[in-house]
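J.: For the sequence shown, full-length UniProt numbering assigns the number 1 to the initial residue and increments by one for each residue that follows.
Glycine is no exception: its CB is placed at the ideal position from the N, C-alpha and C atoms.
Computed from a prediction, not measured in an experiment: that's the story for all the values here.
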Amino acid sequence: MSIFKKTAENIARKILNNQLKKQQRRVEFHNMNSARHIGILFDTNQKGNNKIVSDFYKDLKSQGYKVNAAGWYTGEDIPQRPLNTLDFIYFSDQDSNWKGIPQTHEISEFFKQKFDILFVLTQSEELPVQYIVSLSKSAFKVGANANNKEHLDFMIELKEQSSIQNLIQDSINYLSEIKKN
């Protein structure tokens, strides 16, 4: 990593930490029965994730949930959009300012939404992903017990060879079984 990029990332992390101190987010438990609006943050860089998340998205929509999804990618080519998924947005480090903070209107709107549940289906350490996970106003954030865990409300322990499909299935199973008073 170049000295410029490292310095920019350090500045961005300090800005992020300052914003986190000011943020007032009220954690509210939701299960699959109480949730109405669901967000999905995922990594498109792994082969097959777009299809898996597209199927998950369609399944949630068919059950009556309002769903929005944001996919992180590296490189210059936007991944092929799944059919019938108008609520998908894609972002990369090219959509961030020089400090690595996401700047597009679409991604800003995504992480400002107060989803009942935000499924964090990525373990990416990339600053734009970390920024969205940590500053999301979502009531309840669910994801793998990994890199983003300090910003999650409910963590799923994954086995070593687990996939995004396993994370989705385990998350749904737990959130369907746990009762909300």
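Please state whether DSSP places alanine 70 in a helix, a strand or coil.
T.: Working through the sequence shown from its first residue, we reach residue 70 at position 70. Strand, per DSSP.
J.: Taking the straight line between their C-alpha atoms, what separation do you get for serine 2 and serine 134?
T.: Taking the sequence shown and counting its residues from 1, the one referred to as residue 2 is at position 2. Taking the sequence shown and counting its residues from 1, the one referred to as residue 134 is at position 134. Whole-angstrom Cα-Cα distance: 25 Å.
J.: Near threonine 122, which residues of its chain fall below 7 Å by C-beta distance, leaving aside the five closest residues on each side in sequence?
T.: Translated into the one-based positions of the sequence shown, residue 122 becomes position 122. Here the set comprises Leu41, Phe42, Asp43, Trp72 and Val129.
J.: Compute the Euclidean distance between the alpha carbons of alanine 139 and asparagine 68, then round it to the nearest angstrom.
T.: On the sequence shown, position 139 is the one that residue 139 refers to. On the sequence shown, position 68 is the one that residue 68 refers to. Each residue's Cα considered, the two are about 15 Å apart.
J.: Pick from Pro102, Phe29 and Asp93: whose alpha carbon is nearest that of aspartate 116?
T.: For the purposes of this step, residue 116 is identified with residue 116 of the sequence shown, where counting begins at 1. The option with the nearest alpha carbon to aspartate 116 is Phe29.
J.: According to DSSP, which residues form a beta bridge with methionine 155?
T.: If you number the sequence shown from 1, residue 155 lands on position 155. In DSSP, methionine 155 forms a bridge with Gly143.
J.: Mapping DSSP to helix, strand and coil, what is phenylalanine 115?
T.: The residue you call residue 115 lines up with position 115 of the sequence shown. Correct three-state label for phenylalanine 115: coil.
J.: State the start and end residues of the unbroken alpha helix (DSSP H) segment that holds isoleucine 40.
T.: Here residue 40 refers to the residue found at position 40 of the sequence shown. Counting along the chain, isoleucine 40 falls outside any alpha helix (DSSP H), though it belongs to the beta strand (DSSP E) covering 37-43.
J.: With which residues is proline 102 paired in a DSSP beta bridge?
T.: On the sequence shown, residue 102 is found 102 positions in, with the first residue counted as 1. Per DSSP, Ser96.
J.: Among Lys6, Leu20 and Lys114, which has the Cα closest to the Cα of histidine 37?
T.: In the sequence shown, counting from the first residue as 1, residue 37 sits at position 37. Among Lys6, Leu20 and Lys114, the Cα nearest to that of histidine 37 belongs to Lys114.
J.: Helix, strand or coil: which one does DSSP assign to residue 182?
T.: Because the chain here runs from 1 to 181, residue 182 falls outside it and cannot be looked at.
J.: Select from Ser162, Ser136 and Lys137 the residue whose C-alpha is nearest the C-alpha of alanine 146.
T.: Position 146 of the sequence shown, counted from the start, is the residue given in the question as residue 146. Taking only the C-alpha atoms, the option nearest alanine 146 is Ser162.
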